[in-house]
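Student: Got a structure for you, questions after.
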Amino acid sequence: MSLRRLPVYILADVSGSMRGTPVESVKAGIRQLHRDLLTDPQAIESAYLSVITFADVAIQVVPLTEVSSFIPPEMEANGQTNYGDALRVLLECFEMEVVRTTAEQKGDWRPLVFILSDGAPTDTGWLEYARQLRERRPANIIAVACGDHADISALRETTETVIQMRDMSPDAFRAFFKFVSASVKTTSAKVGSVGEGGGITLPPPPPGITIIP
Amino acid sequence: MSDLPVAPAPATIPPAVEEAVVPGTWTARAPDLPWCPDALRDALGDALITAASTEPRLIDTRAAGWQVTGASVRGRSHAHRGEHRDDALAIAACDDLLVLAVADGAGSSALSRIGAAVTAQIAADNTITRFAAATDGTPLARLGTAMAHAVHDAALRLHALAGLADCAPTALRTTVIIAAIMGDAMLVSQVGDGAVLVQHRDGTVLRVGAMRETAWAGEVTCFVPDACAMVQAAALRQVQLADVTLVALMTDGVDDPFHPLEQSGAALVAQWRDGMRDAIGTARQPDTPTVLGNGDAMVRWLAFEQRGEVDDRTLLLAWRDGGAR
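Chains as they are written, first to last, in our numbering: chain A, 6 to 218; chain B, 6 to 330.
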């Protein structure tokens with residue numbers, strides 16, 4: 006009779022190329038996401054948020070936290086894009102934080118993950134972690150290629166669902182995080198009946214954000 | 006052509022002056038859309054539409070030597086969003102055969118409320134008619150075949166309705182549990198989640214069949230009218246009822262908050278029989294008298310609150326006198 010949660014992980018690229026407006030927009034977007042979810046009683050009861058940043062290394066800056074207790078994190082952008090470390094930390098978080106169904110307890114809903122990156126991996130080990138994520142499908146993962154220099158093929162190796170946000174202006178990030186909020190609300194409302202494999206129906210992306218087929 | 010000057014990007018975006026957020030609270034709204042789309046109105050008929058769309062849906066009757074009380078209520082999520090209940094229940098009886106059915110429309114399917122209502126009704130009605138028409142085999146074999154064929158009938162009906170509504174059959178997806186009671190035997194057919202409990206005369210409460218386990222909550226492996234539904238529906242479970250005094254069918258809106266039923270089942274049945282005394286686990290449960298023969302009390306019992314449990318709830322009980330206390 007444990008609480009069933011909808012774990013939501015945001016993986017934010019904070020490498021040097023995100024310095025300035027992009028990283029500030031991501032911070033503002035997470036603040037906006039938090040405020041928006043606070044207005045939804047279902048999200049308050051079910052959604053749990055975590056933020057993982059990655060540059061030279063990946064750090065879970067906010068552990069999985071219920072919406073009402075979530076504090077949007079500070080972030081600074083510098084360094085390389087250690088994408089493999091981000092995926093490794095994500096897999097570790099799944100193991101440590103997410104509860105699966107057993108005969109004794111009802112598990113969480115399948116986690117929802119948003120990966121934002123504007124560049125290409127600078128490490129060499131990322132492909133192995135990406136393969137694990139694709140094969141094990143431990144979450145519904147939406148990867149977001151930010152700007153024109155994101156490595157779409159690397160994101161594709163991680164998940165089938167890749168969307169592109171060429172514009173990296175504050176308005177574009179604001180629209181994107183509204184999409185994240187709507188996705189969390191939709192998922193928390195519909196999770197009671199997704200099919201095997203966990204496929205979910207996302208809300209339509211806002212203008213300027215395209216789903217890469 | 007000279008390059009245009011580019012304004013430097015600001016190093017930081019000053020945070021907007023943010024007002025305190027008023028946390029969202031649950032509301033209850035009447036459904037925004039009619040229960041039945043116009044395209045399906047003639048095909049479904051007024052009787053089914055009226056019964057299925059009535060909130061809450063109640064059953065309180067006596068049939069085939071059993072008393073039956075059932076209720077289906079809209080969950081907090083649907084009420085808050087102004088949506089219809091996706092759960093349904095139905096019973097049918099003839100002579101000594103009683104058929105109970107509960108169904109839970111898939112939340113991600115736009116017309117699943119219709120799929121659930123139609124499937125529950127066809128599952129109950131057609132089990133009776135197909136059993137009556139069958140001649141080969143033992144009575145239990147005929148009954149099992151009738152139940153599987155009734156699910157097939159429901160699937161065909163959903164495909165036809167999808168054609169009328171110009172949508173994919175998956176738009177009407179639903180789970181279904183059918184329990185057919187005949188004499189001292191009960192057969193259970195199940196597609197998707199939900200649960201069946203039985204209480205024996207000595208007070209023991211058992212779940213019929215194991216939970217269909219998936220790693221993540223709420224991920225149902227098969228729905229009507231998917232092709233896999235015929236295979237799941239045909240995997241019948243038989244229960245001897247000689248010393249069974251109560252049978253309970255429930256959708257996951259009741260099952261999940263009290264998982265695992267192997268541990269909570271006895272306490273649940275005690276509440277249904279004797280009224281609410283002690284809350285189970287972390288649930289906030291309103292005081293209720295016995296729900297047996299009291300549909301209004303069952304609706305009140307179904308209003309228990311548990312964090313994160315916001316689904317529609319359907320409970321269908323069949324019991325006979327002289328049961329365990």
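Glycine residues also receive a C-beta, built at the ideal position from the N, C-alpha and C atoms.
Owing to the predicted nature of the structure, the values given are computational and were not obtained by experimental measurement.
Are any of the Cβ atoms in chain B nearer than 8 Å to that of Gly213 (chain A)?
Tutor: With 8 Å as the cut-off, Gly213 (chain A) does not count as an interface residue toward chain B.
Student: Counting only Cβ pairs nearer than 8 Å, list the residues of chain A close to Asp92 (chain B).
Tutor: Chain A residues near Asp92 (chain B): none, gap ~11 Å exceeds 8 Å.
Student: Alpha carbon to alpha carbon, what distance is there between Gly29 (chain B) and Arg40 (chain A)?
Tutor: Rounded to whole angstroms, Arg40 (chain A) to Gly29 (chain B) spans 10 Å at the Cα level.
Student: Kindly say whether Thr124 (chain B), judged by its beta-carbon, lies nearer than 8 Å to any beta-carbon of chain A.
Tutor: With 8 Å as the cut-off, Thr124 (chain B) does not count as an interface residue toward chain A.
Student: If you measure from the beta carbon of Gly197 (chain A) to each beta carbon in chain B, is any gap under 8 Å?
Tutor: In this predicted model, Gly197 (chain A) has a pLDDT of only 48, less than 50, meaning its place in the structure is not dependable enough to derive any value.
Student: So who's on the other strand from Ala160 (chain B), going by DSSP bridges?
Tutor: According to DSSP, which records beta bridges pairwise, Ala160 (chain B) is partnered with nothing at all.
Student: Checking contacts by CB at 8 Å: is Thr219 (chain B) closer than that to chain A?
Tutor: Yes, Thr219 (chain B) counts as interfacial toward chain A.
Student: Using the beta-carbon of each residue, which ones in chain A are nearer than 8 Å to Asp261 (chain B)?
Tutor: Arg9 and Lys111, listed in chain order.
Student: Which residues in the same chain as Val5 (chain A) place their Cβ atom closer than 6 Å to its Cβ, once the five residues preceding and following it in sequence are excluded?
Tutor: It is not possible to answer for residue 5 (chain A), since the shown part of chain A is limited to 6 through 218.
Student: Per DSSP, what are the beta-bridge partners of His205 (chain B) in this structure?
Tutor: DSSP, once it has assigned bridges, lists B:Val249 as partnering His205 (chain B).
Student: Interface residues of chain A around Pro265 (chain B) at Cβ under 7 Å?
Tutor: What Pro265 (chain B) touches in chain A: Ala108 and Glu109.
Student: Tell me which same chain residues have a C-beta within less than 6 Å of the C-beta of Phe119 (chain A), skipping the five on either side of it?
Tutor: Excluding positions up to five away in sequence, the list reads Ile15, Ile147 and Val185.
Student: Buried or exposed: where does Asp279 (chain B) fall if 16 or more other Cβ atoms within 10 Å of its Cβ makes it buried?
Tutor: Exposed, since its Cβ has fewer than 16 Cβ neighbours within 10 Å.
Student: Taking the alpha helix (DSSP H) that Gly258 (chain B) belongs to, which residues open and close that run?
Tutor: It spans Asp257 to Asp260 - the alpha helix (DSSP H) in which Gly258 (chain B) sits, taken as one unbroken run.
Student: Around the Cβ of Val236 (chain B), are there at least 16 other Cβ atoms within 10 angstroms (buried) or fewer (exposed)?
Tutor: Exposed: under 16 other Cβ atoms inside 10 Å.
Student: Quick check on Val123 (chain B): does DSSP put it in helix, strand or coil?
Tutor: Helix.
Student: Would you call Pro174 (chain B) buried or exposed, if buried means 16 or more other Cβ atoms sit within 10 Å of its Cβ?
Tutor: Classification for Pro174 (chain B): buried.
Student: In terms of residue numbering, what span does the beta strand (DSSP E) encompassing Gln37 (chain A) cover?
Tutor: Careful: Gln37 (chain A) lies outside any beta strand (DSSP E), inside the alpha helix (DSSP H) at Thr26 to Leu43.
Student: For Arg318 (chain B), decide whether its Cβ has a neighbour in chain A, counting only Cβ atoms nearer than 8 Å.
Tutor: Output row for Arg318 (chain B): interface = no.
Student: Among the candidates A:Ile157, A:Ala155 and A:Leu121, whose CA atom is the shortest distance from the CA of Phe181 (chain A)?
Tutor: Per the Cα distances, A:Leu121.
Student: Reducing DSSP to helix, strand and coil, say where Arg325 (chain B) ends up.
Tutor: The answer is coil: DSSP assigns Arg325 (chain B) none of H, G, I, E or B.
Student: Gln47 (chain A) CB to nearest chain B CB: under 8 Å?
Tutor: It does: the Cβ of Gln47 (chain A) has a partner Cβ on chain B nearer than 8 Å.
Student: Where do the N-terminal and C-terminal ends of the alpha helix (DSSP H) with Gly300 (chain B) fall, by residue?
Tutor: Taken as a continuous stretch (DSSP letters only), the alpha helix (DSSP H) holding Gly300 (chain B) covers Gly300 to Trp306.
Student: Return the CA-CA distance between Thr44 (chain A) and Val27 (chain B), expressed in angstroms with no decimal places.
Tutor: So the alpha carbons of these two residues sit roughly 7 Å apart.
Student: Helix, strand or coil: how does DSSP classify Cys98 (chain A) here?
Tutor: Cys98 (chain A): helix per DSSP, three-state reduction.
Student: With 8 Å set as the bound, which would you pick, yes or no: does the beta-carbon of Ser73 (chain A) sit closer than that to a beta-carbon of chain B?
Tutor: So yes, Ser73 (chain A) belongs to the interface.
Student: Indicate the three-state DSSP secondary structure (helix, strand or coil) for Val118 (chain A) in the structure shown.
Tutor: Three-state result, Val118 (chain A): strand.
Student: Taking 8 Å as the CB-CB cut-off, is Gly29 (chain B) touching chain A?
Tutor: Output row for Gly29 (chain B): interface = yes.
Student: Pull the bridge partners of Leu320 (chain B) from the DSSP assignment, please.
Tutor: Leu320 (chain B) is bridged to B:Ala76 and B:Met255.
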